[in-house]
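**Student:**
6 protein chains.
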Amino acid sequence: MVYITRKEHFSASHRLHNPNWSESKNTETFGKCNNLNGHGHNYEIEVTVAGDPPKESGMVMDLKKLSDLIDAEIIERVDHKHMNHDVDFLKGVIPTAENMAIAFWNILKPKIQHARLFSIKLYESPNNFVEYRGE
Amino acid sequence: MVYITRKEHFSASHRLHNPNWSESKNTETFGKCNNLNGHGHNYEIEVTVAGDPPKESGMVMDLKKLSDLIDAEIIERVDHKHMNHDVDFLKGVIPTAENMAIAFWNILKPKIQHARLFSIKLYESPNNFVEYRGE
Amino acid sequence: MVYITRKEHFSASHRLHNPNWSESKNTETFGKCNNLNGHGHNYEIEVTVAGDPPKESGMVMDLKKLSDLIDAEIIERVDHKHMNHDVDFLKGVIPTAENMAIAFWNILKPKIQHARLFSIKLYESPNNFVEYRGE
Amino acid sequence: MVYITRKEHFSASHRLHNPNWSESKNTETFGKCNNLNGHGHNYEIEVTVAGDPPKESGMVMDLKKLSDLIDAEIIERVDHKHMNHDVDFLKGVIPTAENMAIAFWNILKPKIQHARLFSIKLYESPNNFVEYRGE
Amino acid sequence: MVYITRKEHFSASHRLHNPNWSESKNTETFGKCNNLNGHGHNYEIEVTVAGDPPKESGMVMDLKKLSDLIDAEIIERVDHKHMNHDVDFLKGVIPTAENMAIAFWNILKPKIQHARLFSIKLYESPNNFVEYRGE
Amino acid sequence: MVYITRKEHFSASHRLHNPNWSESKNTETFGKCNNLNGHGHNYEIEVTVAGDPPKESGMVMDLKKLSDLIDAEIIERVDHKHMNHDVDFLKGVIPTAENMAIAFWNILKPKIQHARLFSIKLYESPNNFVEYRGE
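Protein chains in written order, with this note's numbering: chain F, 5 to 139; chain B, 5 to 139; chain Y, 5 to 139; chain U, 5 to 139; chain A, 5 to 139; chain P, 5 to 139.
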């Protein structure tokens with residue numbers, strides 16, 4: 005079994021805010037990330053797929069096709085967007101990196117065939133990142 | 005003469021929009037960057053100062069002091085902010101990387117003493133960046 | 005379960021040397037890293053914590069709080085220090101990257117609550133790094 | 005147990021092509037990577053070895069020796085080479101990143117003693133990489 | 005005046021060889037880069053354009069349009085190609101990084117309007133790069 | 005004219021200290037960098053040479069020869085060393101990045117023939133770097 009990974013990029017803004025909480029509870033929990041007008045990141049997403057490379061192609065999956073899939077299903081819907089306002093599949097979800105990674109997993113999982121989605125890694129910045137493996 | 009550089013980081017959101025233009029003109033000019041709710045970046049700013057290192061310290065300027073200056077004058081005012089709404093010194097300015105670099109130069113120029121501000125380099129992403137040298 | 009990671013940096017020096025060994029045995033084992041006056045690195049430490057993000061915050065743990073914890077417990081004690089002489093919790097330990105990662109784990113393990121410390125990754129340089137998972 | 009990793013680099017060219025397939029099947033499967041005259045990459049290889057660091061050295065394995073081993077067994081045979089024509093151990097194999105990682109594993113596995121080869125990670129570019137763990 | 009830069013990527017192979025020279029002279033001059041079957045790189049190209057950002061747009065030039073121009077004029081013609089065999093504008097030229105940067109300059113120079121092409125920077129690898137400014 | 009650059013790496017330790025100053029003056033000026041036992045960095049050095057690539061080779065200078073020169077003249081003498089104690093050409097000099105860049109320039113300047121040394125850029129860390137151009 006080999007694990008193959010494709011990395012893609014998008015730029016977006018978000019605000020961490022729980023509408024059921026008081027302002028002070030929001031500030032205490034989310035700090036600067038609670039800023040009313042939001043802030044933003046250059047996100048990096050790494051999608052890892054596991055499988056056996058067939059002898060005749062030597063590829064678990066065509067990385068170009070994986071790239072196209074990530075672009076069509078994810079990047080097109082979040083790039084240059086505000087995650088709290090512009091993204092249908094994040095409606096009602098606090099757009100933390102954790103929740104975004106889980107949402108991306110749920111979108112991609114049924115689209116990967118003949119191989120197995122293994123991990124979604126999402127970088128909010130070079131120093132902050134999360135990984136979800138469907139566990 | 006030696007050029008010394010300090011790099012700092014901030015995360016912010018912005019929208020490229022000229023209120024004097026029609027929607028179609030804005031879309032044509034700014035593309036996805038005109039998104040109503042904005043989008044965001046992990047910005048990197050490189051501040052370069054030129055000078056002669058005195059023999060007794062061997063430093064053009066203490067990079068820790070330069071870092072503190074950039075933090076106090078720039079980072080504190082833009083980090084985790086929306087550049088169109090939350091930043092006083094960008095009021096009325098379209099927050100392109102070009103205009104932001106010029107604004108940062110104008111703030112830092114009078115604060116650098118005993119050495120000369122040489123360049124402000126601003127990365128919007130690893131693939132898009134601008135430089136302003138006061139020319 | 006989601007894995008979240010915070011990366012921090014510090015600059016330090018060290019010398020690999022076993023005082024119970026002869027000079028030739030030390031040189032043979034540690035090579036240039038045995039240099040009497042030491043040498044140094046820009047270390048990068050990645051701390052990964054695993055847990056379930058609660059619905060109301062969407063965060064396994066506040067990455068800002070994780071960053072503050074790493075700073076207070078680790079960075080403050082090793083940054084701009086000589087690991088063989090200046091760091092109490094490394095006394096009597098050969099400061100290889102392996103031993104440093106284990107020492108960092110032992111410090112952080114009891115401090116992470118409501119989530120589980122999963123991994124300490126320590127980069128001595130972009131080409132040399134180690135990972136410890138408490139196994 | 006600690007996992008230690010050494011990263012090395014090489015530059016090489018390759019062509020993805022199955023001689024048993026028609027031109028159209030090759031183009032459909034490998035796209036631009038099927039270009040007759042080949043194309044190339046700056047590859048990065050990360051070799052991870054797992055083991056217990058003995059108390060007297062504090063090292064799972066000397067990373068300098070691991071580096072020398074990778075250089076002698078891998079880099080010397082693939083650097084500045086065309087993988088389809090110049091590399092004996094890849095004869096008859098389609099040089100995808102997957103197949104290269106498996107070939108590197110098979111070469112290094114019997115050479116790592118007193119510790120266990122855990123993973124071969126091969127970057128074809130910063131956005132495309134594969135990992136093989138002998139599973 | 006502001007300098008704006010767009011970075012693009014391509015993967016290609018090349019061979020450094022002067023057909024008017026003996027084999028020994030080629031080997032002595034180009035070393036491993038003279039390998040008969042070529043080798044390859046992930047190239048990075050940085051195109052810098054200088055100009056005054058007009059008040060109404062705040063942009064020296066739309067970086068998206070600059071990106072499209074580089075893609076159409078350069079990347080489409082060199083990506084996943086062998087520079088000695090597949091690229092018309094490099095026919096009869098030894099494809100060193102120096103000569104490639106000059107060729108890219110000559111292609112882009114007349115295409116940049118309302119602003120001035122300032123520099124072409126070409127990375128063969130993170131450790132080897134060249135810059136041409138039309139001087 | 006083309007500018008070509010070769011990047012090399014070394015790991016070393018240093019202490020910023022002026023023996024003619026009081027402890028308090030040293031602490032005030034150099035802060036944590038004055039730590040008695042020193043600290044260290046993974047330094048990166050970029051050496052830029054300018055020249056006209058001759059038509060028959062297409063190279064300003066063989067980057068392999070430039071790499072060998074930097075290794076022999078600089079890296080061999082500073083790698084895995086303590087700059088205050090182990091490096092003859094830095095005796096009596098406070099090893100700030102500024103002073104190190106100037107010292108490297110003075111060593112390399114007379115060794116570069118048929119082309120012109122243009123710049124020495126020295127990174128102490130990704131966030132702190134200096135450049136010297138012999139001005």
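The C-beta atom is built at its ideal place from N, Cα and C for all residues, glycine as well.
Just so you know, these numbers come straight off a predicted model, no measurement behind them.
Assign SER123 (chain P) to buried or exposed, taking buried as 16 or more other Cβ atoms, counted over all protein chains shown, within 10 Å of its Cβ.
**Tutor:** Within the sixth sequence, the letter at position 119 stands for residue 123 (chain P). Result: buried.
**Student:** When the Cα of GLY35 (chain P) is compared with those of B:LYS115, B:MET65 and B:LYS113, which residue comes out closest?
**Tutor:** Taking the first residue of the sixth sequence as position 1, residue 35 (chain P) is located at position 31. Closest by alpha carbon: B:MET65.
**Student:** What's the call for LEU156 (chain U), buried or exposed, on a 16-neighbour Cβ count within 10 Å?
**Tutor:** This structure leaves residue 156 (chain U) out entirely; chain U is present only between 5 and 139.
**Student:** Any residues in the stretch 32 to 55 of chain B with a beta carbon nearer than 7 Å to a beta carbon of chain A? Which ones, in chain order?
**Tutor:** THR33 and GLY35
**Student:** Using a Cβ-Cβ distance cut-off of 8 Å, determine whether SER15 (chain Y) contacts chain F.
**Tutor:** The sequence position of residue 15 (chain Y) within the third sequence is 11, counting from 1. By this cut-off, SER15 (chain Y) is not an interface position.
**Student:** Please list, in chain order, all residues of the same chain as HIS13 (chain Y) whose beta carbon is under 6 Å from its beta carbon, the five residues on each side excluded.
**Tutor:** Locating residue 13 (chain Y) in the third sequence gives position 9, where the first residue counts as 1. These residues qualify, in order along the chain: GLU48.
**Student:** Below 8 Å on C-beta distance, what does LYS115 (chain Y) contact in chain P?
**Tutor:** Position 111 of the third sequence, counting from 1, holds the residue named residue 115 (chain Y). Here the premise fails: no neighbours, minimum Cβ distance about 24 Å.
**Student:** Let me see if you follow: with CB-CB separation under 8 Å, is PHE133 (chain P) close to chain B or not?
**Tutor:** As a working mapping, residue 133 (chain P) is identified with position 129 in the sixth sequence. Closer than 8 Å: yes.
**Student:** Mind checking which residues open and close the beta strand (DSSP E) that includes ALA54 (chain B)?
**Tutor:** Within the second sequence, the letter at position 50 stands for residue 54 (chain B). Start and end: 43 to 55.
**Student:** Using a C-beta cutoff of 8 Å, does SER28 (chain P) count as contacting chain Y?
**Tutor:** Position 24 of the sixth sequence, counted from the first residue, corresponds to residue 28 (chain P). Not one chain Y Cβ lies under 8 Å of SER28 (chain P).
**Student:** VAL134 (chain Y) to THR100 (chain Y), Cα distance in whole Å?
**Tutor:** The residue given as residue 134 (chain Y) occupies position 130 in the third sequence. The residue given as residue 100 (chain Y) occupies position 96 in the third sequence. If I take the Cα positions, the gap works out to 10 Å.
**Student:** Are the beta-carbon atoms belonging to VAL53 (chain U) and LEU121 (chain U) less than 8 Å from one another?
**Tutor:** The residue given as residue 53 (chain U) occupies position 49 in the fourth sequence. The residue given as residue 121 (chain U) occupies position 117 in the fourth sequence. Remark: C-beta atoms of VAL53 (chain U) and LEU121 (chain U) approach each other more closely than 8 Å.
**Student:** Return the residues of the stretch 68 to 85 of chain F that lie within a Cβ-Cβ distance of less than 8 Å from chain B, sorted by chain order.
**Tutor:** The stretch 68 to 85 of chain F vs chain B, Cβ under 8 Å: ASP83, HIS84 and LYS85.
**Student:** Please list the partners that TYR136 (chain B) has in chain A, where partner means a Cβ-to-Cβ separation under 7 Å.
**Tutor:** Stepping through the second sequence from its first residue, residue 136 (chain B) is reached at position 132. Within 7 Å Cβ-Cβ: VAL6.
**Student:** Report the three-state DSSP secondary structure of LEU20 (chain Y) (helix, strand or coil).
**Tutor:** Against the third sequence, residue 20 (chain Y) aligns to sequence position 16. Looking at LEU20 (chain Y) - three-state DSSP - the assignment turns out to be coil, as it is neither helix nor strand.
**Student:** Using the Cα positions of TYR136 (chain P) and ASN103 (chain P), report the straight-line distance between them to the nearest angstrom.
**Tutor:** As a first step, residue 136 (chain P) must be located in the sixth sequence, where it is residue number 132. As a first step, residue 103 (chain P) must be located in the sixth sequence, where it is residue number 99. Using only the alpha carbons, I get a separation of about 9 Å.
**Student:** Could you tell me if the beta carbon of ASN41 (chain P) falls within a distance shorter than 7 Å of some heavy atom in the ligand PLP?
**Tutor:** Looking for the ligand PLP in the displayed structure turns up nothing, as the structure carries no ligands at all.
**Student:** Using the rule of at least 16 other Cβ atoms within 10 Å of the residue's Cβ for burial, across every protein chain shown, is HIS18 (chain A) buried or exposed?
**Tutor:** Start at 1 with the first residue of the fifth sequence, and residue 18 (chain A) comes out as number 14. By the neighbour-count rule (16 or more Cβ atoms within 10 Å), HIS18 (chain A) is buried.
**Student:** What residues from chain Y crowd round ALA107 (chain F), counting only those whose CB sits closer than 9 Å?
**Tutor:** Position 103 of the first sequence, counted from the first residue, corresponds to residue 107 (chain F). Chain Y residues near ALA107 (chain F): none, gap ~11 Å exceeds 9 Å.
**Student:** What span of residues does the beta strand (DSSP E) with ILE124 (chain B) cover, start to end?
**Tutor:** Residue numbering aside, residue 124 (chain B) sits at position 120 when the second sequence is read from its first letter. Run containing ILE124 (chain B): 120 to 129, per the beta strand (DSSP E) assignment.
**Student:** Taking a contact to mean a Cβ-Cβ separation below 8 Å, would you say HIS45 (chain Y) touches SER129 (chain P) in this structure?
**Tutor:** By one-based count along the third sequence, residue 45 (chain Y) stands at place 41. By one-based count along the sixth sequence, residue 129 (chain P) stands at place 125. Going by C-beta atoms, HIS45 (chain Y) is not nearer than 8 Å to SER129 (chain P).
**Student:** Within the 8 Å Cβ cut-off, does SER61 (chain B) reach chain F?
**Tutor:** If you number the second sequence from 1, residue 61 (chain B) lands on position 57. Taking Cβ atoms only, chain F never reaches closer than 8 Å to SER61 (chain B), which makes this a no.
**Student:** For MET87 (chain B), which residues of its own chain have a beta-carbon under 6 Å away from its beta-carbon, when the five flanking residues on both sides are left out?
**Tutor:** Sequence index remark: in the second sequence, residue 87 (chain B) carries index 83 (1-based). So the list reads ALA16, HIS18, LEU94 and PRO99, once near-sequence residues are dropped.
**Student:** At the level of alpha carbons, what is the spacing between THR9 (chain B) and LYS68 (chain B)?
**Tutor:** Within the second sequence, residue 9 (chain B) is the residue found at index 5, counting from 1. Within the second sequence, residue 68 (chain B) is the residue found at index 64, counting from 1. Taking the straight line joining both Cα atoms gives about 11 Å.
**Student:** So is VAL91 (chain B) in contact with chain P if we call contact Cβ pairs under 8 Å?
**Tutor:** Start at 1 with the first residue of the second sequence, and residue 91 (chain B) comes out as number 87. Not closer than 8 Å to any Cβ of chain P, the Cβ of VAL91 (chain B) fails to qualify, so no.
**Student:** Does PRO23 (chain F) pass the burial test, meaning 16 or more other C-beta atoms within 10 Å, or should it be called exposed?
**Tutor:** Taking the first residue of the first sequence as 1, we reach residue 23 (chain F) at position 19. By the 10 Å Cβ count, PRO23 (chain F) comes out exposed.
**Student:** Taking the beta strand (DSSP E) that ASN38 (chain A) belongs to, which residues open and close that run?
**Tutor:** To locate residue 38 (chain A), count along the fifth sequence from 1; it is residue 34. Careful: ASN38 (chain A) lies outside any beta strand (DSSP E) and carries neither H nor E.
**Student:** With a 10 Å radius around its C-beta and 16 neighbouring C-beta atoms as the bar for buried, classify HIS118 (chain U) as buried or exposed.
**Tutor:** Here residue 118 (chain U) corresponds to residue number 114 of the fourth sequence, with the count starting at 1. Counting C-beta atoms within 10 angstroms of its own C-beta, HIS118 (chain U) has fewer than 16 neighbours from the protein chains shown and is therefore classed as exposed.
**Student:** On a Cα-Cα basis, can you pick out the residue from B:LEU20, B:LEU73 and B:SER26 that is closest to HIS43 (chain B)?
**Tutor:** For the purposes of this step, residue 43 (chain B) is identified with residue 39 of the second sequence, where counting begins at 1. Of the candidates B:LEU20, B:LEU73 and B:SER26, the one whose C-alpha sits nearest the C-alpha of HIS43 (chain B) is B:LEU20.
**Student:** How about SER123 (chain Y): is its C-beta nearer than 8 Å to some C-beta of chain P?
**Tutor:** Position 119 of the third sequence, counting from 1, holds the residue named residue 123 (chain Y). Taking Cβ atoms only, chain P never reaches closer than 8 Å to SER123 (chain Y), which makes this a no.
**Student:** Exposed or buried, PRO114 (chain F), counting other C-beta atoms within 10 Å across all chains shown (16 or more means buried)?
**Tutor:** Residue mapping note: residue 114 (chain F) aligns to position 110 of the first sequence, counting from 1. Looking at its Cβ environment, which holds fewer than 16 other Cβ atoms inside 10 Å, PRO114 (chain F) is exposed.
**Student:** Could you tell me whether the Cβ of PRO144 (chain U) comes closer than 8 Å to any Cβ of chain F?
**Tutor:** This structure gives no information on residue 144 (chain U), because the portion of chain U shown stretches from 5 to 139.
**Student:** Please list the terminal residues of the continuous beta strand (DSSP E) segment that includes ASN132 (chain U).
**Tutor:** Against the fourth sequence, residue 132 (chain U) aligns to sequence position 128. Counting along the chain, the beta strand (DSSP E) containing ASN132 (chain U) begins and ends at 132 to 136.
**Student:** Assuming GLU77 (chain F) is part of the alpha helix (DSSP H), what are its boundary residues?
**Tutor:** Position 73 of the first sequence holds residue 77 (chain F). Run containing GLU77 (chain F): none; DSSP gives neither H nor E here.
**Student:** List the DSSP bridge partners of THR100 (chain U).
**Tutor:** As a working note, residue 100 (chain U) is residue 96 in the fourth sequence. According to DSSP, THR100 (chain U) bridges with nothing at all.
**Student:** Starting from the C-beta of LEU112 (chain Y), find all residues in its chain whose C-beta is less than 8 Å away, skip the five residues before and the five after it, and write them out in chain order.
**Tutor:** Counting from 1 along the third sequence, the entry for residue 112 (chain Y) is found at position 108. Spatial neighbours of LEU112 (chain Y) in its own chain (CB-CB distance under 8 Å, excluding positions within 5 residues in sequence) are listed in chain order as VAL51, LEU73, ILE74, GLU77, ILE78, LEU121 and ILE124.
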